[in-house]
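Okay, so here's the structure we're looking at.
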Amino acid sequence: MSDTVEPTDERARRDAYSAPPGVRIERLPVERLDAIEPLWRALLEHLVDLDSVVPIRPPDESWPKRKANYTEYLEEPDSLLLVAVRAEAIVGYVMVHGQEWDEVWHTSPRFAEIETLSVAEGERGKGIGSALLDAAEAELERLGIDDIVIGVDSVNEAARLLYERRGFTVGYHLMHGRLSDRGKPRSNERPRPAGEATKVEP
Ligand SMILES: CC(C)(COP(=O)(O)OP(=O)(O)OC[C@H]1O[C@@H](n2cnc3c(N)ncnc32)[C@H](O)[C@@H]1OP(=O)(O)O)[C@@H](O)C(=O)NCCC(=O)NCCS
C-alpha cells in the first residue's frame, strides 16, 4: 500500500456522489452528539434482532460511553462525523475515526476506522448508507488517507455484503470467548444475561 494517494477516475466518481432526493449530508458538530443517540440505539436493536453472538449491552449503559468515545475521536484532525438529514431530521450517520499508522498493518501514515454506520429503520434500503460512505470516502481521499477498516458483527451479513460490494474484504477475525461459558451450548438457545438490550417497539 502506498503512502500517497493519486487522483483517480474512481476518486472523481466519488467526489460526484449524490445523496438520495430530499436528503443532504453534512458534518455534525461535537456539541450536537446527542442528536444521533436514537440511531445508535437503532443499531444496537438491529444487532439484538440478528441475535449477535456476543450479547449486546443495554442502550442506556452504552450511549454515554459511546458518546465519550466519539468526543475523543473527534479531537483527531481527520475524524469525520457525517449525518444524513431529511426534512431537518437526522436519518443516518457515519462516524469515521482517523488514526496514526498501526504497528502491524502497513497502511498509509494515517488510516481510518469506520466506527459506526447507522440508518433509521424506516429509511434503510434507499441509498442513504451508501451516500454516507461515498461522502466519507471522498473526504478521506482528500485528506490523503488510503486505508479504511470497518468492524462488522459476524451475524450482520447485509452490512458485510454492502462493504464487500464496495471493495472491502475480510482481513481480520475478532474471536470471542467467555470462560464461564466453556462446555455450555453456544447458540441461539443460550440464555441471555439479565439486562441485555431488548428490542423496543416504537
Ligand atoms: C447497513 C446500513 C447502514 C446500510 O444503509 P442503507 O441506507 O440501508 O443502505 P443503502 O440503501 O445505501 O443500500 C446499500 C446496499 O445494501 C443493500 N442492503 C441494505 N440493507 C440491506 C438489508 N437489510 N438486506 C439486504 N441488503 C441490504 C441494498 O440493497 C444496497 O445494495 P446495492 O449497493 O447493491 O444497491 C443500514 O441498513 C442500517 O443502518 N442497518 C442497521 C445497522 C447496521 O447494520 N449498521 C452497520 C453496522 S456495521
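So for the sequence shown, our numbering puts the first residue at 32; every next one is plus one.
Glycine included, C-beta positions come from ideal geometry on N, C-alpha and C.
These numbers were taken from a predicted model, which means no experiment stands behind them.
Identity of the residues DSSP links to residue i by a beta bridge
| i | result |
| --- | --- |
| T147 | M126 |
| V116 | R55 and I121 |
| R141 | E131 |
CB-CB length for residue i against residue j, believed under 8 Å
| i | j | result |
| --- | --- | --- |
| L74 | S149 | 4 Å |
| A115 | A162 | 7 Å |
| W71 | R97 | 6 Å |
| E152 | R141 | Their Cβ separation, rounded to whole angstroms, is 34 Å, which puts E152 and R141 out of contact at 8 Å. |
Rounded C-alpha distance that separates residue i from residue j
| i | j | result |
| --- | --- | --- |
| D212 | V85 | 12 Å |
| E106 | P60 | 11 Å |
| Y104 | D82 | 28 Å |
| E234 | M206 | Because the chain in this structure spans residues 32 to 233, residue 234 falls outside the shown range and cannot be described. |
| E134 | D178 | 14 Å |
| P90 | W136 | 32 Å |
| A99 | P69 | 16 Å |
| Y194 | N187 | 11 Å |
Same chain, Cβ closer than 6 Å to residue i, neighbours up to 5 away in sequence not counted
| i | result |
| --- | --- |
| I145 | V127 and I181 |
| E154 | V122 |
Proximal residues to residue i (C-beta, below 7 Å), its chain only, five neighbours per side dropped
| i | result |
| --- | --- |
| V36 | Interpretation of V36 is limited by its pLDDT of 36, a score under 50 that renders its predicted location unreliable; no figure is taken from the coordinates. |
Contacting residues, own chain, Cβ-Cβ under 8 Å from residue i (five flanking each side not counted)
| i | result |
| --- | --- |
| Y101 | V61, L64, L112, M126 and E146 |
| G53 | R117 and A118 |
* Residue ranges of each alpha helix (DSSP H) within the segment 157–192, 4 or longer -> 159–173
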